Amino acid sequence: MLVLGPLMLMGAFINWPLTNEVGMDGVNLLKDDASVNMAVAGVLGMSLMFAGLHMLSMDMKKGADRMATQLLNMADLFIFGTFGLFLLGFGGQLSVILITNDTTSVFADQVAREEVALAIFNAGSGLWSLTPVVWGLAMICMGLAHVGLKVPEGMTEGAFFMLMPVGFANTLLPLIQDAEQAEFQIVFPLTMILYVALGGLMLSGNIDEPGSE
109 MLVLGPLMLM GAFINWPLTN EVGMDGVNLL KDDASVNMAV AGVLGMSLMF AGLHMLSMDM
169 KKGADRMATQ LLNMADLFIF GTFGLFLLGF GGQLSVILIT NDTTSVFADQ VAREEVALAI
229 FNAGSGLWSL TPVVWGLAMI CMGLAHVGLK VPEGMTEGAF FMLMPVGFAN TLLPLIQDAE
289 QAEFQIVFPL TMILYVALGG LMLSGNIDEP GSE
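Next comes the structure, spelled out in structure tokens:
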């Protein structure tokens with residue numbers, strides 16, 4: 109899940125037309141260039157990825173002490189919160205696509221249609237902006253729990269330790285002036301690469317999940 113999910117989500121985001129467009133510019137871009145099929149692929153990848161993170165957290169609890177268990181419980185809450193924000197943000201953009209392209213939707217006129225689409229887009233964008241913060245907190249909690257369970261040894265176990273700095277970078281995105289560009293160009297791809305590396309190492313048997321016997 110931590111291999112296929114991030115790859116699907118990364119592929120969907122690379123091909124998604126939006127970068128940092130706001131207002132009607134974003135609505136028009138979704139209307140003309142966005143694909144419902146690509147949105148579905150992104151949601152599937154996102155679901156697999158967060159399911160993999162939750163399974164990793166559950167496995168870490170097997171050998172966790174009380175402090176680490178509490179951190180992992182917090183990580184689970186942040187994982188579920190991030191998943192919810194992703195769905196709401198992505199769902200808002202999908203609604204814009206359907207409203208602007210589905211002629212069977214009944215509106216008084218084209219202006220009313222665009223006003224509804226713009227309101228949904230702005231609401232979704234507001235929720236979307238919170239996603240990297242909650243996501244980063246989940247990664248920080250998992251990284252802190254891992255450090256308490258096992259001191260990283262070598263490059264492979266060090267990959268788990270990287271959850272903390274990468275998560276911290278996610279939490280800083282709202283403080284960056286051009287946060288959307290920073291996420292797409294640096295932080296988001298780095299996060300996906302880390303997840304693929306963690307999943308690949310576990311699948312290949314080179315390392316065990318933290319806390320597993």
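109 is the number of the first residue of the sequence shown in this note's numbering; add one for each residue after it.
Ideal Cβ placement from N, Cα and C applies to all residues, glycine included.
None of the values given here were measured: they were computed from a predicted structure.
| Asked | Found |
| --- | --- |
| Using the C-alpha atoms, what's the distance from residue 230 back to residue 320? | With a pLDDT of 48 at residue 320, under the threshold of 50, the predicted position of this residue should be treated as unreliable, though the coordinate-derived value follows. Answer to the nearest angstrom: the Cα atoms are 44 Å apart. |
| So residue 267 and residue 306 are in contact, right, with Cβ under 8 Å, and what is the actual spacing, rounded? | 6 Å |
| Does the segment 178 to 189 touch the segment 216 to 224, meaning 3 or more C-beta pairs lie closer than 8 Å? | no |
| Under the assumption that residue 135 contacts residue 208 (Cβ atoms under 8 Å), give the Cβ distance between them as a whole number of angstroms. | 7 Å |
| To the nearest angstrom, report how far apart residue 130 and residue 273 are at their CA atoms. | 29 Å |
| State the Cα-Cα distance for the pair residue 138 and residue 122, rounded to the nearest angstrom. | 14 Å |
| Taking the alpha-carbon of residue 282 as reference, which of 249, 252, 225, 233 has the nearest alpha-carbon? | 233 |
| In three-state DSSP terms, what is residue 309? | helix |
| Going by alpha carbons, who is nearest to residue 142 out of 191, 113, 177, 200? | 200 |
| Buried or exposed for residue 248, going by 16 or more other Cβ atoms inside 10 Å? | buried |
| Hey, how far is the Cα of residue 310 from the Cα of residue 124? | 30 Å |
| At what residue ranges does the segment 183 to 265 contain a whole run of the alpha helix (DSSP H), taking only runs of 4 or more? | 218 to 257 |
| Would you mind stating whether residue 110 and residue 255 have Cβ atoms separated by less than 9 Å? | no |
| Enumerate in chain order the residues of its own chain whose CB-to-CB distance from residue 205 is below 8 Å, with the five nearest sequence positions on each side excluded. | 138, 139, 142, 144, 147 |
| Look at the Cβ atom of residue 246, then the Cβ atom of residue 187, and state whether they are nearer than 9 Å. | yes |
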